[in-house]
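Undergrad: Going from the sequence shown to the numbering used here is simple: count from 1 and add 8. Before I ask anything, here is the structure I am working with.
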Amino acid sequence: MIRLLPAVFLSLTMHAVAAPKPAPATPAPEPTPAVASAPAAQPATALPADAAAPPPAGQPRSTYSQCHVDGPYVAMTFDDGPHGANTPRLLEMLRQRNIHATFFLVGQCVAEFPDIVKKIVADGHEIANHSWSHPQLSAMSESAVRDQLQRTHDAIIAACGVTPKIMRPPYGAFTARQRAWALGEWGYKCILWDVDPLDWKVRNAEHVKTEILKQAVPGSIILSHDIHKTTVDAMPETLDALLAKGFKFVTVSELVAMDKPVAPKPKATPAPKADAPASAKAEPAAPPAPKDKVKP
Ligand code: NI
């Protein structure tokens, strides 16, 4: 449906031109490979360089692409819905396994399928804001971004009575200033991801499963899209395999609540003394910087 509408193709050229393109009236398509005139081998969009940079001292963290947790916890996330057929099918799969996931909802779809939003909440999942029409927010004015987020915020509350606490910008594109502002305005934490099966691009259930199993680690935030039949087709085996590996599923807000700060790596490590106590281990490595991944 919405993915078939005329395209406003997002490409790196959007970052290069001075004037941002106007917000499309309809959702933008999923990321599209760079057009022929664009430099080769670049994704349609790239994560902001500071996407998950630590906040200034004393300020709350606004952005998460993964969490640092003590147990084998992961958060499954499903974007761009709800979808009239695929989301209810997914909900049944999750219910059968007693798994709680997080749904990043597009406001237009919330307005179209309020009963599915109610069902998502009734089943114990978390709901979150993924904008009204899926534009690239980082290229838009503050008032246009406010409209995108506020309309969706209001539509979610109207549909199910629950106030979303987190958001995910389409394509992961959200400036540092916008993240600070969304945190202040709605209390929204900005949720990115560290596991990306590229399920919007490779519409193959086996590929989706293989990539998720390959990439998932404790603390992972797993990106996928319940609007795609192939993604939902992949879920029974994917979820069962993750359970078999010992992973436990929580919502994003539950994962964030478990997050433990990671001390920065010391610049130079002095040679340990022979009588150093056993507890004087090196700090765990800092999280990897977000890769230049293509956006959800
Ligand atoms: Ni999306």
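Don't be surprised by glycine CBs; every beta carbon is placed ideally from N, CA and C.
#1: Could you pull the start and end residues of the beta strand (DSSP E) that Val82 belongs to?
#2: May I ask you to report which of helix, strand or coil DSSP gives Ala152?
#3: In three-state DSSP terms, what is Gln74?
#4: Take Ala31 and list the residues in its own chain whose beta-carbon comes closer than 8 Å to its own, dropping the five residues that flank it on each side.
#5: Would the beta-carbon of Ala163 fall within 8 Å of that of Ala119?
#6: Looking at the ligand NI, does it come within less than 7 Å of His215, judged from the CB to the closest heavy atom?
#7: Compute the distance between the beta-carbons of His76 and Asp267, then report whether it is under 8 Å.
#8: With DSSP as the reference, label Val203 as helix, strand or coil.
#9: Would you say His142 touches the ligand NI, meaning its beta carbon is less than 7 Å from a heavy atom?
#10: Strictly by DSSP, which residues pair up with Leu231?
#11: Is the distance from the Cβ of Thr85 to the Cβ of Ser232 below 8 Å?
#12: Let's see if you can read the secondary structure: which residues bound the beta strand (DSSP E) around Thr110?
#13: If we ignore side chains and look at the alpha-carbon of each, how far apart do Val125 and Ile229 end up?
#14: Buried or exposed: which applies to Ile220, given that a residue is buried once 16 or more other Cβ atoms fall within 10 Å of its Cβ?
#15: Mind checking who Met175 pairs with in its DSSP beta bridge?
#16: Just tell me which of Leu251, Glu193 and Leu99 has its CA closest to the CA of Gly132.
#17: Are Cys168 and Ile135 touching if we call contact CB-CB under 8 Å?
TA: This is what the structure gives:
#1: Tyr81 to Asp87
#2: helix
#3: strand
#4: Since pLDDT at Ala31 reaches only 39, below the 50 mark, its modelled position is unreliable, and the value read off the structure follows with that caveat. Around Ala31: Ser141, Pro143, Met148, Ala152 and Gln156.
#5: yes
#6: no
#7: yes
#8: strand
#9: yes
#10: Thr85
#11: yes
#12: Thr110 to Leu113
#13: 21 Å
#14: buried
#15: Asn137 and Cys198
#16: Leu99
#17: yes
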